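Here's the structure, in structure tokens; my notes come after.
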Amino acid sequence: MIFLAALVLLTSCASVSSQNSLPEGFVYVTDVIPTAQLEIRYCSDDNFVGTVIDGYEAPKAILTVEAAQALKKAADELYEKGYYIKIFDAYRSQRAVDHFVRWSKDLDDTKMKEKYYPDLDKSVLFEQGYIAAKSSHSRGSTVDLTLVEIATGEEVDMGSGFDFFGEISNHGTDLITPEQEKNRNILRDAMVNAGFEVYPEEWWHYTLKDEPYPDTYFDFPVR
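Taking numbering that gives the first Met the number 0, the leading residue of the sequence shown gets 0, the next gets one more, and so forth.
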């Protein structure tokens with residue numbers, strides 16, 4: 000039993016949140032959108048690094064108040080169309096971004112290549128912009144998400160998985176089916192209507208256009 004408990008801690012971060020309060024101006028997304036589903040990949044080993052990322056102490060989604068309120072507007076629109084939102088990542092600390100940068104420099108660590116970047120050499124990930132020294136997520140108003148059908152409980156087919164590094168993840172790619180493009184557009188239209196900006200290279204990534212901290216990169220942990 001002790002071994003099993005240790006194994007869980009090694010492969011995912013704690014599910015019980017700290018009682019510490021968030022910095023002023025930030026909220027837990029599920030407090031604003033109770034129907035939002037969470038699959039915080041960086042709080043597990045199911046991500047392109049293959050381990051829990053620094054700064055993720057609990058599988059929580061945190062956003063600025065403004066971003067969370069805008070996301071609720073999008074979630075309400077999507078709910079009326081038969082979808083829940085599922086969040087993969089929201090606020091991300093600078094220490095997490097630093098972890099990504101360190102990983103990108105270790106060219107021998109390619110254990111997650113097959114799932115996340117099968118067509119790319121790890122040595123080009125930084126120069127091609129898949130990894131960067133700063134992330135909009137650290138400003139607190141960026142969210143990575145997809146759709147879940149309310150009727151079936153299944154994720155909608157978007158043509159590529161979250162954090163897949165490649166052209167197929169781009170908006171406007173011709174590598175996906177018309178149905179997959181339609182699904183992406185349902186998410187995109189709701190997010191744009193709510194005041195978010197599209198990131199052309201990643202169908203799941205949206206940043207609040209009028210974000211409250213455009214020049215501040217926070218480093219408090221997700222807990």
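The beta carbon of each residue, even a glycine, is placed where N, CA and C say it ideally should be. Because the structure is a prediction, the values reported are computed rather than measured.
Report the option in the options whose CA atom is closest to the CA atom of residue i.
i: residue 150; options: 60, 53 and 83; result: 83
i: residue 207; options: 51, 68 and 32; result: 68
i: residue 165; options: 211, 124, 97 and 41; result: 124
i: residue 144; options: 132, 160, 171 and 152; result: 160
i: residue 98; options: 59, 112 and 47; result: 47
i: residue 183; options: 195, 170 and 191; result: 170
i: residue 31; options: 174, 71 and 193; result: 71
i: residue 203; options: 113, 210 and 87; result: 87
Here's the rule: buried if 16 or more other CB atoms are within 10 angstroms of the residue's CB, otherwise exposed. What is residue i?
i: residue 117; result: exposed
i: residue 100; result: exposed
i: residue 122; result: exposed
i: residue 189; result: buried
i: residue 106; result: exposed
i: residue 146; result: buried
i: residue 81; result: exposed
i: residue 133; result: exposed
i: residue 174; result: exposed
i: residue 24; result: exposed
i: residue 126; result: exposed
Just to confirm before moving on: does the CB-CB distance between residue i and residue j stay below 8 Å?
i: residue 92; j: residue 130; result: no
i: residue 12; j: residue 78; result: no
i: residue 95; j: residue 53; result: yes
i: residue 34; j: residue 74; result: yes
i: residue 29; j: residue 21; result: no
i: residue 115; j: residue 163; result: yes
i: residue 168; j: residue 201; result: yes
i: residue 85; j: residue 153; result: no
i: residue 49; j: residue 110; result: yes
Under a three-way DSSP split, which group does residue i fall into?
i: residue 147; result: strand
i: residue 82; result: strand
i: residue 113; result: helix
i: residue 207; result: strand
i: residue 198; result: coil
i: residue 16; result: Confidence is the limiting factor: at residue 16 the pLDDT is only 44, short of 50, which leaves the residue's position unreliable and the question unanswerable from this model.
i: residue 75; result: helix
i: residue 221; result: strand
i: residue 62; result: strand
i: residue 36; result: strand
Pairs of beta-carbons, one from the region 58-73 and one from the region 138-154, closer than 8 Å: are there three or more? They touch, by the three-pair rule.
Looking at C-beta atoms only, is the number of pairs between the region 210-222 and the region 167-178 that lie closer than 8 Å three or more? Segments in contact, no.
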